[in-house]
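In the numbering used here, the protein residues as written are 111 to 362.
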């Protein structure tokens with residue numbers, strides 16, 4: 111079942127988790143209707159699927175494009191700052207011509223404008239202009255992902271929490287400053303906040319939760335899951351060491 115889901119372009123990420131469910135999927139689609147149709151017509155018919163719980167992201171407070179390993183100097187970070195969009199600035203889906211460009215770029219983000227132009231049949235200057243526009247509008251993000259199993263943060267955990275609605279924005283913005291937090295989103299459901307965190311040891315999860323509840327008294331942890339394996343991350347297929355072994359471009 112996991113192998114089948116890796117080939118689906120709408121499934122951006124797949125984690126095998128230890129928790130109340132076995133798989134945690136991050137799915138990107140055009141709208142709520144498309145999500146409903148995909149769940150009803152595709153996911154629910156996959157052999158082995160026994161139950162589905164769906165949550166909708168309502169707000170992104172921080173995503174992994176802003177996470178830092180701490181390896182770059184302030185000067186190096188400044189050089190890269192134009193390529194780091196403000197979180198949540200995307201206001202439209204990519205057009206068809208932009209999607210073709212993003213799909214061509216997906217297997218190797220270091221491809222030159224000339225290579226991309228040859229593949230999709232437009233000029234290199236046009237490629238550069240479109241890429242600049244996509245980055246500035248927050249539709250395309252530039253990042254350097256690392257094999258987390260090898261970088262000193264080998265444990266991934268997902269924390270589902272409940273925060274009063276009036277405090278959700280404040281707490282969400284505070285949490286993205288924690289060095290362990292890779293992703294922080296507001297979501298629908300009884301748990302209205304989800305965190306993806308990277309930890310050095312499994313035992314650090316309890317200490318991290320204790321810190322959260324001490325420093326964020328309005329936050330209550332509802333559920334937590336430890337990732338046993340990340341099979342796919344933002345379209346990149348990973349081996350057990352976290353190295354990319356293939357790509358399935360995301361096509362929402």
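Just so it is clear, CB atoms sit at the ideal spot from N, CA and C, and this is done for glycine as well.
Which residue or residues does DSSP assign as beta-bridge partners of residue i?
i: residue 296; result: 169, 303
i: residue 366; result: It is not possible to answer for residue 366, since the shown part of the chain is limited to 111 through 362.
i: residue 356; result: 347
i: residue 134; result: 125
i: residue 337; result: 127
i: residue 148; result: Answer is none; residue 148 lacks a bridge partner.
i: residue 309; result: 265
i: residue 291; result: 307
State yes or no: is the C-beta of residue i within less than 8 Å of the C-beta of residue j?
i: residue 300; j: residue 272; result: yes
i: residue 332; j: residue 347; result: no
i: residue 290; j: residue 303; result: no
i: residue 114; j: residue 124; result: no
i: residue 286; j: residue 294; result: yes
i: residue 215; j: residue 226; result: yes
i: residue 223; j: residue 238; result: yes
i: residue 281; j: residue 326; result: yes
i: residue 258; j: residue 356; result: no
i: residue 338; j: residue 126; result: yes
i: residue 121; j: residue 342; result: yes
i: residue 166; j: residue 340; result: no
i: residue 241; j: residue 250; result: yes
Can you list, in chain order, the residues of its chain with a C-beta nearer than 7 Å to that of residue i? Leave out the 5 residues immediately preceding and following it.
i: residue 318; result: 290, 307, 309
Let me make sure I understand the geometry here. Which of the options has the alpha-carbon closest to that of residue i?
i: residue 119; options: 284, 229, 138; result: 138
i: residue 256; options: 344, 167, 143, 233; result: 344
i: residue 164; options: 328, 182, 321, 154; result: 154
i: residue 276; options: 270, 329, 251; result: 329
i: residue 248; options: 185, 173, 221, 324; result: 173
i: residue 191; options: 150, 288, 246, 112; result: 246
i: residue 252; options: 270, 220, 233, 278; result: 220
i: residue 156; options: 241, 208, 111; result: 111
i: residue 161; options: 135, 278, 263; result: 135
i: residue 270; options: 323, 206, 185, 116; result: 323
i: residue 171; options: 292, 206, 207; result: 292
i: residue 360; options: 254, 208, 151; result: 208
i: residue 283; options: 142, 305, 234; result: 305
Excluding five sequence neighbours on each side, which residues of the same chain lie with their C-beta closer than 8 Å to the C-beta of residue i?
i: residue 129; result: 268, 333, 334, 335, 336
i: residue 349; result: 355
i: residue 116; result: 124, 341, 342, 347, 358
i: residue 274; result: 328
Among the residues of its own chain, which have a CB less than 6 Å from the CB of residue i, if the five just before and after it don't count?
i: residue 265; result: 309, 312
i: residue 198; result: Bear in mind that a pLDDT of 49 at residue 198, under 50, signals an unreliable position, so the number given afterwards is only what the model happens to contain. Cβ neighbours of residue 198 beyond the five flanking positions: 170.
Under 8 Å between C-beta atoms, does residue i make it to chain B?
i: residue 334; result: Absent here is chain B; the protein component of the structure consists of one chain.
Alpha helix (DSSP H) segments (min. 4 residues) lying fully within the region 210 to 279: 223 to 230, 234 to 246
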